[in-house]
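Visitor: Using the numbering used here, read the sequence shown as starting at 1 and increasing by one per residue. Glycine is no exception: its CB is placed at the ideal position from the N, C-alpha and C atoms. I have a structure here, written as structure tokens, and I will follow up with some questions on it.
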Amino acid sequence: MIKLSPSILAADFTRLGESCAAALNAGADMLHIDVMDGSFVPNISLGVPVLAALSARLPAFYDVHLMIRHPLQYVAPFCEAGASLLTFHLEAESDPWRTIRAIHAAGRKAGLSIRPGTPPEAVFPYLNELELVLVMSVEPGFGGQKFLPQAVEKIAVIRAEADRRGLALQIEVDGGVNLSTAPLCKNAGADILVAGSAVFHAPHPAEAIAALRCACGAAPSAH
Numbered sequence: 001m002i003k004l005s006p007s008i009l010a011a012d013f014t015r016l017g018e019s020c021a022a023a024l025n026a027g028a029d030m031l032h033i034d035v036m037d038g039s040f041v042p043n044i045s046l047g048v049p050v051l052a053a054l055s056a057r058l059p060a061f062y063d064v065h066l067m068i069r070h071p072l073q074y075v076a077p078f079c080e081a082g083a084s085l086l087t088f089h090l091e092a093e094s095d096p097w098r099t100i101r102a103i104h105a106a107g108r109k110a111g112l113s114i115r116p117g118t119p120p121e122a123v124f125p126y127l128n129e130l131e132l133v134l135v136m137s138v139e140p141g142f143g144g145q146k147f148l149p150q151a152v153e154k155i156a157v158i159r160a161e162a163d164r165r166g167l168a169l170q171i172e173v174d175g176g177v178n179l180s181t182a183p184l185c186k187n188a189g190a191d192i193l194v195a196g197s198a199v200f201h202a203p204h205p206a207e208a209i210a211a212l213r214c215a216c217g218a219a220p221s222a223h
């Protein structure tokens with residue numbers, strides 16, 4: 001079944017804990033934490049203290065996406081703060097192998113992300129060591145962007161290679177996910193959809209999540 005990881009970047013920051021709890025109660029499988037440093041991407045978001053505060057009060061699978069120049073030096077702080085899965089960018093400046101090993105050494109799952117301009121084959125050398133590949137379907141940095149259709153082919157290429165190797169790799173898609181684009185991603189081989197505005201800005205988040213699952217041909221969650 002397709003999994004949904006709502007990005008808390010779209011949540012009400014004046015009621016962040018309540019908004020995140022509401023998304024989980026509405027059927028979200030995990031929470032997506034976008035971490036931006038103002039250097040790797042032209043925006044600044046939240047960091048270690050916010051994740052630590054959330055994870056201390058709200059049990060959840062925390063899907064942490066590091067959009068930062070030097071992810072390796074932040075692996076330990078984010079894992080200690082409650083990250084369940086730590087995804088970093090291939091285009092960042094830290095050595096990918098060392099970063100993956102550091103994440104695993106901390107007992108967490110490792111993900112690798114690629115920007116829209118990076119070919120899918122760029123992740124192939126790392127697939128056997130990863131639990132997840134995150135395909136960006138918008139330029140990272142800001143929410144609410146339009147889905148880039150070339151992401152669908154990227155998902156399909158990575159899925160085909162993972163299947164060829166017999167890997168239990170999960171593929172996540174982030175950016176512009178809605179009722180129209182979600183089934184395209186799922187049919188290409190995606191397992192996890194990041195949806196920010198579609199969930200947190202919906203009048204009824206449970207209905208929005210159920211609609212996304214149904215659009216992907218899946219039954220609504222039993223949450």
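(1) Let me make sure I understand the geometry here. Which of G27, A168 and L72 has the alpha-carbon closest to that of N128?
(2) For A26, which residues in the same chain have their Cβ closer than 6 Å to its Cβ, ignoring the five residues on either side in sequence?
(3) Exposed or buried, which one is F88 when buried takes at least 16 other CB atoms within 10 Å?
(4) Just the C-alpha distance for S197 and A10, rounded to the nearest angstrom, thanks.
(5) Let me know if A81 comes out buried or exposed under the rule of 16 or more other beta-carbons within 10 Å of its beta-carbon.
(6) Let me know the beta strand (DSSP E) ranges lying completely inside the segment 95-169, each 3 residues or longer, listed in chain order.
(7) Between A122 and the rest of its own chain, which residues show a CB-CB distance below 7 Å, the 5 nearest in sequence each way excluded?
(8) Within the same chain, show all residues whose beta-carbon is closer than 8 Å to that of Y62, passing over the 5 residues directly before and after it, in chain order.
(9) Please look up how many angstroms separate the CB atoms of V177 and V194, rounded, as I've assumed it's under 8 Å.
(10) What's the gap between the Cα of R159 and the Cα of M67?
(11) Is it true that the CB of I2 sits closer than 8 Å to the CB of C20?
(12) Hey, out of P77, L58, A92 and Y126, whose CA is closest to S39's CA?
(13) Would you tell me roughly how many angstroms separate the C-alpha atoms of D95 and Q73, rounded to the nearest one?
(14) Report the rounded CA-to-CA distance for L201 versus E139, giving the unit in angstroms.
(15) Please go through the same chain and pick out, in chain order, the residues whose beta-carbon is closer than 6 Å to the beta-carbon of I103, but skip the five residues on each side of it.
(16) Assuming A182 and I155 are in contact, meaning their beta carbons sit under 8 Å apart, how far apart are those beta carbons, in whole angstroms?
(17) Could you check what DSSP says for T181 in three-state terms: helix, strand or coil?
Guide: Reading from the atomic positions:
(1) A168
(2) Cβ within range, chain order: P205, A206 and I209.
(3) buried
(4) 5 Å
(5) buried
(6) 109-114 and 132-136
(7) L90 and I114
(8) M30, L31, I33, L51, L54, S55, G82, A83, S84 and L85
(9) About 6 Å; that satisfies the 8 Å criterion.
(10) 23 Å
(11) no
(12) A92
(13) 11 Å
(14) Strictly speaking, residue 201 in this sequence is His, with Leu absent from that position. Distance between the alpha carbons of H201 and E139: 21 Å.
(15) V75, L86 and A110
(16) So it is not a contact: roughly 12 Å between Cβ atoms.
(17) Secondary structure of T181 (DSSP, three-state): coil.
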